[in-house]
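See below for the structure under consideration.
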Amino acid sequence: MSRKALAPSVTTRDPKGLKFISVVEAAYNNAALSEDEAQRVNETPGLADLIGNFIAEHRVRNEFSDEEVPSKYGYLSGYSKPAGLTEQCNQLRAVFPGVGYANHDLLQQIEKGEVELPVGAEGWFAIPNWMKNPGTFGSTYSQAVQTVLNAIKKARDGRFYNYREGQIDEKHLRQSARSKKFWKELAEVQGNPDILVVPAQFGIRHRGRSVRRARVVIECTTGEFGLGAFVVGVMILTNPVRLQRYDDLWIDCAGDEFSSGAGGQFDGAPCFRFRDDEVWFGSRWIDDASGCYGSASGFLPKSLLVKERRLRK
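Here our numbering = 1-based position in the sequence shown + 179.
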């Protein structure tokens, strides 16, 4: 797999980066600073923050920018970061018989701190490579999702309600094209093991944004991808403290698309929330901005691109 397929980021060595540097250079030269003025400008702190904030403000397209609302919801059940990878992998093998192991080299590199956690990620999550285990998860994505929902219900001693019961099929639920591409590339980079390892966040990064606004922001961030119901469900299984209170931030699954009428119009997205001491699974319109929700997302670490050959075993 080529680096081009994994969308490497633009640097100052590329034409667009050189253009940016030339704008900064022209502004500095046109200021006609004296020696003392140049010294003061160069020594004044805050320039990096100023440029960083400018890039952050303008890197994202404006589509659906009005679909953002303030949010005070967060991780109020005690979750702060995911459980350790060894613990997660052991739990997955206990819950889903037949699931094997993650890439051993990658686990060691993460443990040694050789793989940098991307900005925005809360930690590393272990996710079954469901396509390798049709006997456990089924042969379709919707069957894999249903398997995870059943596991959540069992793990929560029945305290689970599926508002979309009978609609977890290929006519109602599908992965987005971007999400499919992400998991295909991640599996290839890691050597297609039974368990994939992904840096991710549980929703707070995009809280208050509609699903389609969150998707725009995610698409403008190199290496970030929306997570679907299968992955978010697994994350809830291995980190059950994440949804334990009504005022916890609820979770949009921006990596999936949902069609309530099964007529080919996928204008909804799955979601998880917590009410009446139960985890609820349902769907929402993608244009609905609510401070109660935030879209979960995963990331492709840049260092994995460099170590691609080493991880293919």
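Even glycine gets a Cβ: it sits at the ideal position worked out from N, Cα and C.
Sufficient close CB pairs (3 or more, under 8 Å) joining the stretch 362-372 to the stretch 446-453: no
For G387 and V248, believed in contact at Cβ under 8 Å, the rounded distance: Against the sequence shown, residue 248 aligns to sequence position 69. Against the sequence shown, residue 387 aligns to sequence position 208. That pair is a contact at about 5 Å.
Use the C-beta contact count for G442: other C-beta atoms within 10 angstroms, 16 or more gives buried, fewer gives exposed. Taking the sequence shown and counting its residues from 1, one reaches residue 442 at position 263. Per the 10 Å Cβ criterion, exposed.
Under a Cβ-count criterion, where at least 16 other Cβ atoms within 10 Å of its own Cβ denotes burial, should L226 be classed as buried or exposed? For this step, residue 226 is matched to residue 47 along the sequence shown. The Cβ neighbour count for L226, taken over all protein chains shown within 10 Å, is under 16; the residue is labelled exposed.
Across which residues does DSSP place Y472 in a beta bridge pair? Counting from one through the sequence shown, the residue named residue 472 turns up at place 293. Per DSSP, W429.
My understanding is that A393 touches H385, with C-beta atoms under 8 Å, so please give their C-beta distance in whole angstroms. In the sequence shown, the residue the question calls residue 393 occupies position 214. In the sequence shown, the residue the question calls residue 385 occupies position 206. So it is a contact: roughly 4 Å between Cβ atoms.
R454 by DSSP, collapsed to three states: which one? To locate residue 454, count along the sequence shown from 1; it is residue 275. R454 falls in the strand class under three-state DSSP.
Which residues in the same chain have their Cβ closer than 6 Å to the Cβ of Q288, if we skip the five residues on either side of it in sequence? Here residue 288 is taken as the residue at index 109 of the sequence shown, counted from 1. Taking Q288 as the centre and dropping the five residues before and after it, the same chain places the C-beta of V294 closer than 6 Å to its C-beta, in chain order.
Please list the terminal residues of the continuous beta strand (DSSP E) segment that includes V493. The structure shown does not extend to residue 493, since the chain is modelled only from 180 to 492, so the question has no answer here.
Going straight from the alpha carbon of W459 to that of Y425, what length do you get? Taking the first residue of the sequence shown as position 1, residue 459 is located at position 280. Taking the first residue of the sequence shown as position 1, residue 425 is located at position 246. Looking at the two C-alpha atoms, the distance is approximately 11 Å.
How many Å lie between R192 and E403 at the Cα? By 1-based counting over the sequence shown, the position of residue 192 is 13. By 1-based counting over the sequence shown, the position of residue 403 is 224. Cα-Cα distance, rounded: 23 Å.
Let me check understanding here. Comparing Cα to Cα, which of N371, T265 and V327 lies closest to G412? Reading the sequence shown from its first residue, position 233 is the one you call residue 412. G412 has its Cα closest to that of V327, out of N371, T265 and V327.
Local conformation of D215 per DSSP, three classes: Within the sequence shown, numbered from 1, the residue matching residue 215 stands at position 36. Three-state DSSP puts D215 in a helix.
For R353, which residues of its own chain have a beta-carbon under 6 Å away from its beta-carbon, when the five flanking residues on both sides are left out? By 1-based counting over the sequence shown, the position of residue 353 is 174. Within the same chain, R353 has close Cβ partners E436.
Measure the C-alpha to C-alpha separation of S358 and G434 and round it to an integer number of angstroms. Within the sequence shown, numbered from 1, the residue matching residue 358 stands at position 179. Within the sequence shown, numbered from 1, the residue matching residue 434 stands at position 255. Whole-angstrom Cα-Cα distance: 5 Å.
Near V278, what residues of its chain come up, given a Cβ to Cβ distance below 8 Å and the 5 sequence neighbours on each side ignored? For the purposes of this step, residue 278 is taken as residue 99 along the sequence shown, with counting starting at 1. A distance below 8 Å between beta-carbons, with the five flanking residues on each side excluded, links V278 to the following residues of its chain, in chain order: L271, R272, P307, N312, T315, D373 and I374.
Looking at G473 and L406, is the spacing between their C-beta atoms short of 8 Å? In the sequence shown, the residue the question calls residue 406 occupies position 227. In the sequence shown, the residue the question calls residue 473 occupies position 294. Not in contact: L406 and G473 (Cβ atoms no closer than 8 Å).
Look up F460 in the DSSP assignment and give the residues it is bridged to. The residue labelled residue 460 in the question sits at position 281 within the sequence shown. Per DSSP, N341 and F451.
Quick one, are the C-beta atoms of V420 and S256 less than 8 Å apart? If you number the sequence shown from 1, residue 420 lands on position 241. If you number the sequence shown from 1, residue 256 lands on position 77. A contact, by the Cβ cut-off of 8 Å.
Taking DSSP as the reference, what is the three-state secondary structure of F233? Sequence index remark: in the sequence shown, residue 233 carries index 54 (1-based). Residue state, collapsed to three classes: helix.
Start-to-end residues for the alpha helix (DSSP H) that takes in L328: Here residue 328 is taken as the residue at index 149 of the sequence shown, counted from 1. It spans Y320 to A334 - the alpha helix (DSSP H) in which L328 sits, taken as one unbroken run.
Is the beta carbon of F304 closer than 8 Å to that of Q267? Working through the sequence shown from its first residue, we reach residue 267 at position 88. Working through the sequence shown from its first residue, we reach residue 304 at position 125. Yes, the Cβ-Cβ distance between Q267 and F304 is below 8 Å.
For E457 and R338, what's the separation of their Cα atoms in angstroms? Within the sequence shown, numbered from 1, the residue matching residue 457 stands at position 278. Within the sequence shown, numbered from 1, the residue matching residue 338 stands at position 159. Between E457 and R338, the C-alpha separation is close to 5 Å.
Beta-carbon separation (whole angstroms), I347 vs I415, contact threshold 8 Å: Taking the sequence shown and counting its residues from 1, one reaches residue 347 at position 168. Taking the sequence shown and counting its residues from 1, one reaches residue 415 at position 236. Between I415 and I347 the Cβ distance is about 16 Å, and since that is not below 8 Å, they are no contact.
With respect to the alpha helix (DSSP H) encompassing D284, which residues constitute its N-terminal and C-terminal limits? The count along the sequence shown starts at 1 and reaches residue 284 at position 105. Note, D284: alpha helix (DSSP H), H283 to E290.
Which residues mark the beginning and the end of the beta strand (DSSP E) in which A206 is found? As a position in the sequence shown, residue 206 is number 27, starting the count at 1. Looking at the DSSP string, A206 is not in any beta strand (DSSP E); the run it does join, the alpha helix (DSSP H), is P194 to N209.
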